[in-house]
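Structure first, commentary second.
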Amino acid sequence: MWEAPTTTNGFRNRKTNGKPQHHTRRKVQIQLRQSTTGISEKRIALSWQSFFRSRSDLHNKLKLDVTAKLPIALIRNFVLFINDTNKMTNQTILVTGGTGFVGIHTILQLLQKGYHVNTTLRSLSKKDSILNALKEAGIDDFTALAFFEADLTSDTGWEEAVAGVDYVLHVASPFPAQDPRDENELIIPARDGALRVLKAAQKAGVKRVVLTSSFAAIGYSRNPKDHLFTEEDWTDATAAIPPYIKSKTVAEKAAWEYIETEGGNLELTVINPVGIFGPVLGGISSASLDIAVSGILNGVIRESPNFTMGVVDVRDVAAIHLTAMTHPEAGGERFIATSDGVMSFYDVAELFKKERPEWAEKIADMQPTPNEFYIEMTNHKAKTVLGWQPRSKEAALLASVDSLPRN
Ligand code: NAP
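If you read the sequence shown in my numbering, its first letter stands for residue 1, the second for the next number, and so on.
Below is the structure:
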């Protein structure tokens, strides 16, 4: 929660001959409250010169993400720019799937930036797992966080969750470690859930929905040989593809169709992440991590298949959602979220052995995956349009390892 900055010693009201006496004051103290970030009170003394140097200088000093100006009106030639104080106080973001790996990191970053957050869970009984994870990350004030029960397969709860919300980050979608026998177990909640969220968002006057799709909706139909995967590519949802890949493709397609035909003023932006890794918070992991990190560390994976994957850190996935939410050029676009390069399971195993030798004991000695299976994809659009700068794939994977308890 923000409070308007105040100057010390009644500074605003002092005038000489009707003119502000700003030149006599060498110092001003700004008091900020940002209870949602755990920085309950920050007093920063800045010289006049610092104020006038630049807005970004002020921004850096206060360590705040700000976009609008707050004038201290009575002082001539002196305008204190604090990035979007009002916006930070008032904006509410709905994050669906707060119990998930991406969901929890996204909530954390939103709270750290001073947003109010609504989040949906299938059952409110899972609320404590979210609170514990956020506490682990240093959040100790939860007044800006509200919980709503809603399932992707039911209409109940969505209207309440989206009421008064400015933006929606639709992250929730079933992502099991093992494919179900019936693909509809994934497709129906993914597709119908996305449509439910879009409809509720539109009805509530939300500005933009950011949908977490996947590289699964991009890279599984074309022959990867001699092809650079971009946002122009689509997986063919009518082909014989695994249920999860199909669910993400069908859901994203349905979302774009809805926006084109019935979306009205509602904007859609889609993020297409590759394999998401990075730190586990409060024990909230995901299938990607359980398979490709824990599976390799524990020696469950013993061979490197003819397959390579893009890698991205969950913190960078959360960050790209936040940027895509408000970036003026993000509406109507999809963005591949990946670090540079791809890796095979052999590469991951060798990285872990070299960089974290204390884990090496159980890691299998694998044969390298042949070069012809190294696919190519680009993060150029996310970097250039959104200014997104992801960590390296190695940093993402090692952060996962470092966040896991050792047996
Ligand atoms: P996750 O930890 O399994 O999170 C999935 C979230 O979706 C959970 O909060 C889960 O709730 C929720 N969910 C599943 N079925 C639901 C339903 N019927 N109704 C309401 N909520 C439901 O996986 P994640 O890695 O964070 O995935 C988040 C998003 O990223 C998903 O859209 C996924 O497809 C996408 N993605 C993930 C990766 C990756 O490598 N992890 C890569 C690309 C894209 P419960 O806790 O109740 O199960």
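Using N, Cα and C, we set each Cβ at its ideal position, and we do this for glycine too.
- What's the C-alpha gap between R356 and L195? For R356 and L195, the gap between their C-alpha atoms comes out near 43 Å.
- Would you list, in sequence order, the uninterrupted beta strand (DSSP E) runs of no fewer than 3 residues that lie entirely inside the region 160-219? The region 160-219 contains, as complete beta strand (DSSP E) runs of 3+ residues, the segments 167-170 and 208-212 (chain order).
- Task: Under 7 Å Cβ to Cβ from A204, same chain only, skipping five residues before and after it: list those, please.
- Result: V162, A163 and V165, listed in sequence order.
- Message: Judging by CA-CA distance, which residue of E252, T153 and E394 is the nearest neighbour of L121?
- Response: Answer by Cα proximity: T153.
- Message: For the structure I just gave you, are there three or more beta carbon pairs, one from the region 339-356 and one from the region 297-315, closer than 8 Å?
- Response: Contact holds: three or more Cβ-Cβ distances are below 8 Å.
- Task: Mind reading off the beta-carbon distance from I218 to T235? Whole number of angstroms is fine, and I expect it under 8 Å.
- Result: Confirmed, about 6 Å.
- Message: Is any non-hydrogen atom of the ligand NAP found closer than 8 Å to the C-beta of L397, if you look at the structure I gave you?
- Response: No heavy atom of the ligand NAP is found nearer than 8 Å to the CB of L397.
- Report all residues from its chain with a CB closer than 8 Å to the CB of V250; omit the five preceding and five following residues, and keep chain order. Residues of the same chain with a CB within less than 8 Å of the CB of V250, apart from the 5 flanking positions on each side, are I187, A190, R191 and A237 in chain order.
- Ignore the nearest five residues each way along the sequence and tell me which others in G387's own chain have a CB closer than 8 Å to its CB. These residues qualify, in order along the chain: T323.
- Element boundaries [beta strand (DSSP E), containing R315]: Segment V314 to T326 is the alpha helix (DSSP H) holding R315; no beta strand (DSSP E) there.
- Is it the case that the CB of V127 approaches a heavy atom of the ligand NAP more closely than 8 Å? The sequence shown places Lys at residue 127, not Val. No; taking the cut-off as 8 Å, the Cβ of K127 has no heavy atom of the ligand NAP nearer than that.
- Closer than 6 Å by C-beta to E149: which residues in its own chain qualify, once you throw out the five before and the five after it? Chain order, please. The beta carbon of E149 sits closer than 6 Å to those of L124 and G157, all from its chain and outside the five residues before and after it, given in chain order.
- Query: Measuring CA to CA, which of E333, T261, D340 and V102 is closest to V209?
  - Reply: Per the Cα distances, E333.
- Task: Determine the direct distance from the alpha carbon of I291 to that of K135, and round the result to whole angstroms.
- Result: If you take the alpha carbons of K135 and I291, they lie about 27 Å apart.
- Spatial neighbours of S173 in its chain, beta-carbon cut-off 6 Å, leaving aside the 5 residues before and after: Taken in chain order, the residues that qualify are A190.
- Item | For F335, the residue or residues it bridges with in DSSP | DSSP lists I271 as partners of F335.
- Message: the ligand ATP and K248: does the residue's C-beta get closer than 8 Å to at least one heavy atom of that ligand?
- Response: As for the ligand ATP, it is missing from this structure, which binds only the ligand NAP.
- Task: Take V117 as the anchor and find which of E361, I93 and L108 has the nearest alpha-carbon.
- Result: If we check each option's Cα against that of V117, I93 comes out closest.
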